[in-house]
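Q: FYI, my numbering numbers position 133 of the sequence shown as 1561, with every residue one higher than the one before it.
Where a beta carbon is used, it is the ideal one built from N, C-alpha and C, also for glycine.
Computed from a prediction, not measured in an experiment: that's the story for all the values here.
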Amino acid sequence: GGLPMSWISPASKASSGNIRLDMQKIDLVELGLQAGAEFEDKFAAKGLELCMDAPEHPVYILADGRHLWRVLENLYNNAAKYSMEHTRIYADILEQDGKGIFTLKNISANKLNISPDELTERFVRGDASRSTDGSGLGLSIAKSLASLQGGELVIEIDGDLYKANVIFPLYEEPAAEPEEEEATTTT
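Structure below.
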């Protein structure tokens, strides 16, 4: 099914590659921690310290686990590549306003004083000094992957502080239980 290909612009086709989504109840905490653990060696090699701050309980969001993993992997990978050596990388997972949010912050080794859009643009055009390994392309694909799943990837830059926010709607359990059950538990 879906739309005829002629309706989709070439740019969006390239970034989505006709991706099949398998939307599931995903624990953002577990996924975030697992993805971070994958990069421990890379971080250690550059003297980077990963500081995770996540709730003790699961934060369930509605997402495609495989594609969300690629988004997180991309962000951790960029942090491993571009962080100034011997600095800390902060990963925070929280629930806010009906959303599950994963935030990764790092200090860039290069001067970053440009707008996030310019950063993504520059990467895509391929004229930034650090775009040679295609991380910018990775960033725009990560953005597309996030939005395809109904989430978003928002990049913020403050001086040399680089902050990536992955924001997804919380998973809502199908409302099957009758209301009376709640009343009986309170008495």
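Would you decide whether asparagine 1538 is buried or exposed? Buried here means 16 or more other CB atoms lie within 10 Å of its CB.
A: exposed
Q: By the DSSP assignment, the alpha helix (DSSP H) with lysine 1470 in it spans what residues?
A: 1468-1473
Q: Do the CB positions of glutamate 1584 and lysine 1591 come within less than 7 Å of each other?
A: yes
Q: Would you mind reading off the limits of the beta strand (DSSP E) that contains glycine 1528?
A: 1527-1535
Q: In whole angstroms, give me the CA-to-CA distance for leucine 1589 and glutamine 1462.
A: 24 Å
Q: Looking at the unbroken beta strand (DSSP E) that takes in lysine 1453, where does it start and where does it end?
A: 1452-1455
Q: To the nearest angstrom, how far is the alpha carbon of glutamate 1501 from that of glycine 1526?
A: Approximately 24 Å, taken between the alpha carbons.
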